[in-house]
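4 protein chains.
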Amino acid sequence: MTIVETPMAARGADLDPLRDQAVLLVQGQDRPGLVRAVSTTLAEHRANIISLDQYTDHANGGRFFQRAVFRLEGLDVARSALEESLRVALGEGFGLTWRLSALATPKRVAILASTSDHCLLDLLWRQRRGEIPMTVPMVISNHSVVADDVRFLGIPFFHVPSSGPDKAAAEDRIVELLADNVDVVVLARYMQILSGDFLARVGVPVINIHHSFLPAFIGAGPYRKAKERGVKLIGATAHYATEDLDEGPIIEQDVVRVTHADTAADLQRRGADVERAVLARAVTWHCEDRVMRHGRETVVL
Amino acid sequence: MTIVETPMAARGADLDPLRDQAVLLVQGQDRPGLVRAVSTTLAEHRANIISLDQYTDHANGGRFFQRAVFRLEGLDVARSALEESLRVALGEGFGLTWRLSALATPKRVAILASTSDHCLLDLLWRQRRGEIPMTVPMVISNHSVVADDVRFLGIPFFHVPSSGPDKAAAEDRIVELLADNVDVVVLARYMQILSGDFLARVGVPVINIHHSFLPAFIGAGPYRKAKERGVKLIGATAHYATEDLDEGPIIEQDVVRVTHADTAADLQRRGADVERAVLARAVTWHCEDRVMRHGRETVVL
Amino acid sequence: MTIVETPMAARGADLDPLRDQAVLLVQGQDRPGLVRAVSTTLAEHRANIISLDQYTDHANGGRFFQRAVFRLEGLDVARSALEESLRVALGEGFGLTWRLSALATPKRVAILASTSDHCLLDLLWRQRRGEIPMTVPMVISNHSVVADDVRFLGIPFFHVPSSGPDKAAAEDRIVELLADNVDVVVLARYMQILSGDFLARVGVPVINIHHSFLPAFIGAGPYRKAKERGVKLIGATAHYATEDLDEGPIIEQDVVRVTHADTAADLQRRGADVERAVLARAVTWHCEDRVMRHGRETVVL
Amino acid sequence: MTIVETPMAARGADLDPLRDQAVLLVQGQDRPGLVRAVSTTLAEHRANIISLDQYTDHANGGRFFQRAVFRLEGLDVARSALEESLRVALGEGFGLTWRLSALATPKRVAILASTSDHCLLDLLWRQRRGEIPMTVPMVISNHSVVADDVRFLGIPFFHVPSSGPDKAAAEDRIVELLADNVDVVVLARYMQILSGDFLARVGVPVINIHHSFLPAFIGAGPYRKAKERGVKLIGATAHYATEDLDEGPIIEQDVVRVTHADTAADLQRRGADVERAVLARAVTWHCEDRVMRHGRETVVL
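Residue numbers (my numbering), protein chains in the order written: chain Y, 454 to 754; chain S, 454 to 754; chain D, 454 to 754; chain V, 454 to 754.
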């Protein structure tokens, strides 16, 4: 007897239905009438809202966050008119900031890695499976150990060494490679501290994975510190990179249970599983336009 | 040195701000313009939407579910006019079903229990803390072992024995006690099977907690069966009671890890922690008007 | 139809079989032959080992930790002879420290609380159910709000106010109440910092519950700090109290998921569930003689 | 500034210290003196016990399970003499069954897969990282879609088609390939039902991953069934394959939370993460000689 397995959601086949779908993210000072303004503008353009999540951080006049997924027949053609209406209704009318993304257009994600492959390969494997709406135009590393794996998957790999004096030159080289080619940069255990200047020049969001449950064990060697403190759980934190190291807005966190019998190497190994899972969720949510930054926090809708 | 502890959210103090807030639940066939219709109706009555979650089960013409929390100055006075507008706009205009609840009016919850006290006492304790927006007008049991605990907490207790031949009479007595006094009934490990007739007559939703991860181990003795099968996790399931035992729409589930060293009694003990946690979440969500039934499923917004 | 519920493990009924069972905890420098020495000594006294867990923190000459549960017919009578043999074999022979506890003798646990009742009531309820092998000879609080609940459960309550100048007098009074009456002290959200002198004088282990995932958010106001930092998980930590606040050996930790929509009060409420669960596990393990301290770590067997 | 990353536990470098370590698994009818017999035998051969876990399923005369890790200088040379002593002391003396494995000898694991790659690639990646003490002498599939990935990792791949009439021939071919070459077979989402005859002929343990939280959703299409039932958690189960499909002894299980908004395809995608994690843990524990079968249960020490 043969069991016929339903193949994993062939997203390629899904792209067609996604073709006319888009996400609208809106953020700003809460005022009465915002939901009406958004839904009316969408309705006037004959867009049908598929899902809508709205959150206000205070019942009386807080900050307003909204994510709407809608379907609009002939989105490609209709988009610029819709954007003009949104500009008038939301921007001029209410002083809101907003962003529109077509669901059929995957985000272009550059991945920076060093010698560890667990976060890198997990992202590339999920991309190949169609789990994350992204393309990966390039992987950059200050080492070359992951080059073969990356190229086997058909993805360009660039080796940009970065030691002491070369650091500024390395950042220049990376900025050059990324310019206009990517929508987001993911630091998949990239073991170099990037300068604030780099973050400013790169011009797109940068997501980092930290191998601890922040704000515990800030800085280097978190697994060693966790072992010394005798904690019973270890964790990982995905956050937007900012100039203040380990202080950027947190997108996602998770933990795994450990015991006294786990060595620091065991913590590192078990932590790797949490790191890759947490980073994959953070990157997925970012690419699905679910994450909005507000000060040191994120709102994930 | 004295540490001043912030007292747990004194909801009493919160009731004032809640006074003008309400929840609107809407369900029906999805059609373009529904979000606009809701938000426009609310805006016309000067209601400000605090949060809104909307879900449609298919991108093209599925079923529409929406939960909106809004604030309307002078809700008590304005309510009937708003309801009339909703009736016209949502009911007549779109054939939607909807329900409006004032947040300041807690649900009236009757609890039925037997000899186990873990689910019962956890609910009563959460009610006393102000964690669940409910009042408990009565506890009914076919045993009297929990009577003192219940009455110590200031809650009326009724002993309704129910053995073999008395079953129908017991159901009559319970229906009589509940009639017009409660908005929802919670079976907190009530070890009597209620008839379909009872469920029909009681006229309000009935929430049950089953001591297994349904649909595994349907029926009696789930912990014994779990031990025999050698599972590594045990669970609990809160669901709306229906005439088909253990088949009602699931509201919430959770599990806890067990090992070969746990006896059936250990499973029962560890399971009790999951049962009370799962039931408390389900009752909270129901009382916060977050749960919508649709066939054998629930949508929790 | 009546469902007969198996009553929760009536531990009272279990005490008889536990009568001849004991736990032996052993700790010291690892050397070849330790397991043989322990098992031979037990076998010579006709004790049958029911379970045994042994852990050494390095393969070559680390520290040795062992927990053995055994059954010895007529333990009461045979105990002193066995202890003499253990003293010779383990103490003199190997320089090990060890401790023998009869399983039928529950630990005497004093609970110190303030105004929050969630940890306190959960421990008392578990004690009444027979889930934790302990008796509670007294509850002490610097407030009197929990007095009625405690006394309703048949447990003596002592009100020992402790503000500014009275602090030393309060500690004197507590030491006086505890002296020779208890085996362990549990701080169930007791919001007073105890002096190192107090910890020395009290002479038994003191277990504290901290309302954060230590070492994150050390000190006061962890839920507020967690909200400000925008974490996606909050936690609780049970640890032995030491003179260095929040630095004692960790017994147990756990976390719960939160979102941007949770206010600081929500974090406090959700955190309360984790706090009581974590503290209950830590107290249970301590009372079951599963926890051994070694420097800043605990070994839980 | 360069952050020096501690490379992931280079197990290659660890193999030397592991050279003289072994695991002894013992199972049988509990009788007084068993721990002494084991520890005395080991001590007489100058083996130092590093860790020991023992479990008996009843306090009075149940079944005895023990796992001991020990270090014995010159294990290769000393092994046969030790085994002879164990045969006499444990086998003849107590009627126990036992098994000795050198830690430095990884298990030989054959993996059978179909078209899904998530479990397969995760196992191969963990093997390459040195996380699981195993070698993979071959991957066999009834499809060829995973061939390139497998061979890129340097592992032999055999395509053994298996449709309707070919089924017996396919099983013959697989038995032939496996014979004497492997210590355990892992079905990594191998979508063919293997005959009881195959399981008998293959002569080594076979581990399967089922894509549900058994015993819920036995049989085909568990994600579809889970969607229809509206469960709030989905799971995966790793178990030893037996002739009774989905009924073999469970090694490990886990779950992940889902919502009403997840489609059957989403469940499949999220389930894949649980499947690979659960299977990896089960295979690791098996290869570390932690799992003992007893009837329909497993004891994991």
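Beta carbons: idealized from backbone N, C-alpha and C, even for Gly.
Reduced DSSP secondary structure (H/G/I, E/B, other) of residue i
| i | result |
| --- | --- |
| Y:Glu537 | helix |
| V:Val638 | strand |
| D:Asp742 | coil |
| Y:Phe518 | strand |
| Y:Phe547 | helix |
| Y:Glu526 | coil |
| D:Asp625 | helix |
| Y:Asp601 | helix |
| V:Ala669 | coil |
| V:Ala730 | helix |
| V:Leu754 | coil |
| S:Leu556 | coil |
| D:Gly748 | coil |
| V:Ala725 | helix |
| D:Gly688 | strand |
Enclosing alpha helix (DSSP H) for residue i [first to last residue]
| i | result |
| --- | --- |
| S:Thr493 | Leu487 to Glu497 |
| Y:Arg579 | His571 to Arg582 |
| D:Asp506 | Per DSSP, D:Asp506 belongs to no alpha helix (DSSP H); it is in the beta strand (DSSP E), Asn501 to Thr509. |
| S:Leu652 | Gly649 to Val655 |
| V:Arg561 | V:Arg561 -> not in any alpha helix (DSSP H); beta strand (DSSP E) instead, spanning Lys560 to Ala566. |
| Y:Tyr643 | From DSSP, Y:Tyr643 is part of no alpha helix (DSSP H); its letter is neither H nor E. |
| V:Pro658 | Taken as a continuous stretch (DSSP letters only), V:Pro658 belongs to no alpha helix (DSSP H), as it is neither H nor E. |
| Y:Lys678 | Pro675 to Arg682 |
Per-residue burial, residue i [other beta carbons within 10 Å of its own, 16 or more giving buried]
| i | result |
| --- | --- |
| D:Glu530 | Residue identity check: residue 530 of chain D is Val in the sequence provided, not Glu. Exposed: under 16 other Cβ atoms inside 10 Å. |
| Y:Ala730 | buried |
| V:Arg710 | exposed |
| S:Val752 | buried |
| D:Ser665 | buried |
| D:Val708 | buried |
| V:Val727 | buried |
| V:Ile456 | Residue placement at V:Ile456 cannot be trusted, given a pLDDT of 39 that sits under 50; the coordinates are not used to answer. |
| D:Glu696 | exposed |
N-terminal and C-terminal residue of the beta strand (DSSP E) that residue i is part of
| i | result |
| --- | --- |
| D:Gln482 | Gln474 to Gln482 |
| V:Pro590 | Met587 to Ser594 |
| D:Asp699 | It is not in any beta strand (DSSP E) - D:Asp699 carries neither H nor E in the DSSP assignment. |
| V:His612 | Phe610 to His612 |
| V:Val711 | Unbroken run through V:Val711: none, as it is neither H nor E. |
Close Cβ partners of residue i (< 6 Å) along its chain, the five nearest in sequence each way excluded
| i | result |
| --- | --- |
| S:Leu535 | His498 |
| Y:Val476 | Val522, Ser554 and Asp742 |
Beta-carbon gap between residue i and residue j smaller than 8 Å
| i | j | result |
| --- | --- | --- |
| V:Glu624 | V:Phe605 | no |
| V:Lys685 | S:Gln706 | yes |
| Y:Val562 | Y:Val655 | no |
| D:Val488 | V:Ser492 | yes |
| Y:Leu421 | Y:Ile687 | An answer regarding residue 421 of chain Y cannot be provided, because it is not within the stretch 454 to 754 covered by chain Y. |
| V:Gly724 | V:Asp699 | no |
| Y:Ala557 | Y:Arg472 | yes |
| D:Leu565 | D:Trp551 | no |
| Y:Leu525 | Y:Ala496 | no |
| D:Asp691 | D:Ala735 | Looking at the sequence provided, one finds Ala at residue 691 of chain D rather than Asp. Cβ atoms of D:Ala691 and D:Ala735: closer than 8 Å. |
7 Å Cβ shell around residue i - same chain, five flanking residues per side excluded
| i | result |
| --- | --- |
| S:His612 | Ser594, Ser597 and Ala600 |
| Y:Leu631 | Ala563, Val638 and Val655 |
| D:Asp602 | Asp570 and Leu574 |
| V:Tyr508 | Phe518, Val752 and Leu754 |
8 Å CB neighbourhood of residue i in its chain, flanking five on each side removed
| i | result |
| --- | --- |
| Y:Glu750 | Pro702 and Ile703 |
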